[in-house]
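In my numbering, the protein residues as written are 17 to 375. Using N, Cα and C, we set each Cβ at its ideal position, and we do this for glycine too. No experiment lies behind these values; they were computed from the predicted model shown.
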């Protein structure tokens, strides 16, 4: 990626109003990778009474791009710094204000950013903006991302694998390959973490029963049909709010693969003993439902299923779940409380229960 012709982003006001100068600058210097070049540049900066606080070396075609975080001397005009860099045969491609967080080394910063994005996936664009020191990062449909449009390196696209992409832009300096690789690694890691959340888990039960929570598949249709046959009329009424006894075949596929959503099964041996659904809504939040076979009720199966559904929702940035719940029925509210959710009846509709993943 070519950066040698970039124009330094200099703030003219900074040369006039020295009192308003920032405590630190981020300076990018394009230089040939020859022994002693950086040492001579450091001496030049010392002559200008600049204190180097941090240094990162970014390999680029034809040389290196050194990113230096420094504290300038009081009243130092930026143009004097540019002239000193040029005097050593180097090129200043950008000078912008820096902050204390700029001093964290890139590897640690990226790992911390990954933790922030895993904790709150809805903030991924904000996290990537910090990692790239970008001016703006926006989430767009993948079909509108146009990855071939790079704007001479000032624009980059990162596919998210869910029909969306993140578009990053930075005016003050083009993105270099090392930065893009770091950002790609971050988004790949987050994708792997999301897939791992959706993977099967084994419940740790005191009786030793091997119960697995996993995603429902179309091949589970017969086992789910058997689950409904084993359930009592009261259990089915609590789930469907109607007097069903058997589930029509055409329902089974929608139960296992709901539109835009997912299902989670509790499996014991070859039997499905519980079923939960998570269906994100266009208005935000998600609809959930829960069914547990009578013989396995009051043994923590419903709590485990609801906690698993909540984890999947949080992985998608969803913080509110909703479920139909008959007036006077406290089974689902108690299950939600055991799963670590805060539940309350909807003020608009008494038969709807709202569950919040965070206080």
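Residue 268 places its beta carbon 8 Å or farther from that of residue 294. For the pair residue 323 and residue 353, the CB atoms are not nearer than the 8 Å cut-off. Take residue 143, set aside five residues on each side of it, and the residues of its chain with a beta-carbon closer than 6 Å to its own are 129, 132 and 133, in chain order.
Per DSSP, residue 79 is one residue of the beta strand (DSSP E) stretching across 79–87. Between the alpha carbons of residue 321 and residue 291 lies a distance of about 8 Å.
Assigned with DSSP and collapsed to three states, residue 180 falls in strand. Across the structure, residue 171 and residue 165 are spaced so that their CA atoms are roughly 7 Å apart. With contacts defined as CB atoms closer than 8 Å, residue 236 and residue 281 qualify as a contacting pair. Here residue 135 is exposed. Its C-beta has fewer than 16 other C-beta atoms within 10 Å. The criterion of a C-beta distance shorter than 8 Å is not satisfied by residue 223 and residue 186. Looking at the DSSP output, residue 74 bridges to 81. In this structure residue 344 is exposed. Its beta-carbon is surrounded by fewer than 16 other beta-carbon atoms within 10 angstroms. In the structure shown, the three-state DSSP call for residue 212 is helix. In the same chain as residue 63, and ignoring 5 residues on each side of it, the C-beta atoms closer than 8 Å to its own belong to 100, in chain order. By a beta-carbon distance limit of 8 Å, residue 217 contacts residue 229. Their separation comes to about 5 Å.
With contacts defined as CB atoms closer than 8 Å, residue 68 and residue 81 fail to qualify as a contacting pair. Annotation: residue 267 is outside any beta strand (DSSP E); the continuous alpha helix (DSSP H) that includes it extends over 265–272. With a threshold of 16 other beta carbon atoms within 10 Å, residue 195 meets it and is buried. In the three-state scheme derived from DSSP, where H, G and I count as helix and E and B as strand, residue 331 is classed as helix. According to the DSSP assignment, residue 305 belongs to no alpha helix (DSSP H) but to the beta strand (DSSP E) extending over 302–308. The shortest C-alpha to C-alpha distance from residue 242 to any of 209, 308 and 227 is the one to 308.
In the three-state reduction of the DSSP assignment, residue 189 falls in the coil class. Secondary structure of residue 160 (DSSP, three-state): helix. One alpha carbon belongs to residue 367, the other to residue 257, and they sit about 11 Å apart. Only residues of its own chain outside the window of five on either side were considered, and among them 295 and 296 have a CB closer than 8 Å to the CB of residue 276, listed in chain order. The Cβ atoms of residue 180 and residue 163 lie no closer than 8 Å to each other. Of the other Cβ atoms in all chains shown, 16 or more fall within 10 Å of the Cβ of residue 318; this residue is therefore buried. Pairing residue 207 with residue 90, the inter-Cα distance amounts to about 46 Å.
Taking the Cα positions, residue 53 is about 21 Å away from residue 94. Here the alpha carbon of residue 73 sits roughly 48 Å from the alpha carbon of residue 371.
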